[in-house]
Structures are given as structure tokens and as C-alpha cells.
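In what follows, a structure is listed as C-alpha cells, so that the remarks can point back to it.
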Amino acid sequence: AIDEVIRIYERLQRERPRRDPRFRLEHCTMITDDLVRRIKALGAIPTPFSTYVYWHGEKMKEYGAERLDRMFALRSFLDAGIRATQASDYPPGPFEPMMALQSEVTRTDSRGNVWGPRQRITIEEALRVGTINGAYASFEERLKGTIEAGKLADLTVLGRDPLREAASSLIGIPIERTMTGGRWVFEA
Numbered sequence: 002a003i004d005e006v007i008r009i010y011e012r013l014q015r016e017r018p019r020r021d022p023r024f025r026l027e028h029c030t031m032i033t034d035d036l037v038r039r040i041k042a043l044g045a046i047p048t049p050f051s052t053y054v055y056w057h058g059e060k061m062k063e064y065g066a067e068r069l070d071r072m073f074a075l076r077s078f079l080d081a082g083i084r085a086t087q088a089s090d091y092p093p094g095p096f097e098p099m100m101a102l103q104s105e106v107t108r109t110d111s112r113g114n115v116w117g118p119r120q121r122i123t124i125e126e127a128l129r130v131g132t133i134n135g136a137y138a139s140f141e142e143r144l145k146g147t148i149e150a151g152k153l154a155d156l157t158v159l160g161r162d163p164l165r166e167a168a169s170s171l172i173g174i175p176i177e178r179t180m181t182g183g184r185w186v187f188e189a
């Protein structure tokens, strides 16, 4: 399916080229080296499921180690210089952002089983994928993605610093407050 969508995007760019189209690849789950090369050439933005490894890990064992190392492939995308972001696909999978962060960093399921370890990314990279890259994917990088004067002030205050937390306990970091558009909309 990803190959077919990329072929359509490639044809569109040949027939009606757009500057900076930022084609998105939702559910970009299973990749190959050729797909990564073509995604990079298009400037497309893959949005793999971020919570699936944690939430559905045990269900994925039938894919085998080789295929699991090509699923939800944030490491491959980032190493290729692709601005990937994340997706939750709620309700088939949960949307909890700290679960997504832990899943991307550890590639472990809720029981501690490791699935596709070659695709692990760092905590810093996971934070960028979910913030800066997310804003870029929706053409909103001038409004969101970073905390700067003149931007919308969409932010979350965490109970602990994820950069100082063990990767295996990121899911337990509480969300203390959430601000949207400069207004506090949630407080624990």
C-alpha cells in the first residue's frame, strides 16, 4: 500500500509539480530501503503508529524479527534525513503521548518484550518527532512545535524530566498541565 501511494505522489509531482508538497504517509508501517529512498526524494512525511509496539507488541511476533525491524521505522527515517512524525490511530491503539515516547525509545511492549530494536530512537529524537516534526507535517511550524515568542503556546508540563528518566519508565511520567493557545486547559 505504501508503494502504491508513493507511486501516486511521484506521478503527481511529475505531472503537476508543487514546491514543498509535504505529502503525508499515514500508517507508514512496513518499509523497505527502496521506500525510504523514494520517501526522502519526495520530501514525504511518514507518520507511523507510535504506541503500537507498546500496546500491540505481542500480536506482532508472527511478523518475525526481520520484518519487525522494518515496522514503525523511525530510526530508518531519521537516519535518512526524513522528517517523520508520529500518529496514534485511536481507537485501534491508545493515544497517550508518554506511551508513544516510551514505545519509540525502547521498542518494548507492556510486558517488556523487545520488538524491532534497530528502530529505537533517542528521547531527544522522540520529543522532536512529536513536536517540531508534527508542526512541520501540518505546515504549522511558524505557529507550533517550539516554544517561542509569537507562537501559539501549545505546551505540556510534565511531572518529571523525560531526559533524566529511565527509558523504561517514561510512560509513568504524569502530565501536570496543558496549555493551548496560551490558555491553561488542563491541570492535574
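Going left to right, the sequence shown walks through residues 2 to 189 as my numbering numbers them.
We put the beta carbon where it would ideally sit given N, CA and C, even for glycine.
For E126, same chain residues with a beta-carbon under 7 Å away, outside a window of 5 residues either side, are L79 in chain order. Contact between the region 21 to 40 and the region 114 to 129 is absent: fewer than 3 CB-CB pairs across the two stretches fall below 8 Å. Under the three-state reduction of DSSP, T107 is assigned to helix. DSSP, read as helix, strand or coil, puts L156 in strand. Of all C-beta pairs linking the region 50 to 65 to the region 95 to 104, three or more are shorter than 8 Å, placing the two stretches in contact. Taking 7 Å as the cut-off, the beta carbon of P47 is found no closer than this to the beta carbon of A2. It is roughly 33 Å from the alpha-carbon of I148 to the alpha-carbon of H57. Shown here, A85 sits in coil according to DSSP, grouped into three states, outside any helix or strand. By the neighbour-count criterion, in which 16 or more other beta carbons inside 10 Å mark a residue as buried, R121 falls on the buried side.
In the same chain as I32, and ignoring 5 residues on each side of it, the C-beta atoms closer than 6 Å to its own belong to R71, A74, in chain order. Nearest Cα to I40 within the set S77, G131, G135: S77. Assignment of beta strand (DSSP E) within the region 111 to 162, counting only whole runs of 3 or more residues, yields 156 to 159 in chain order. Annotation: L153 to E63 spans about 44 Å, alpha carbon to alpha carbon.
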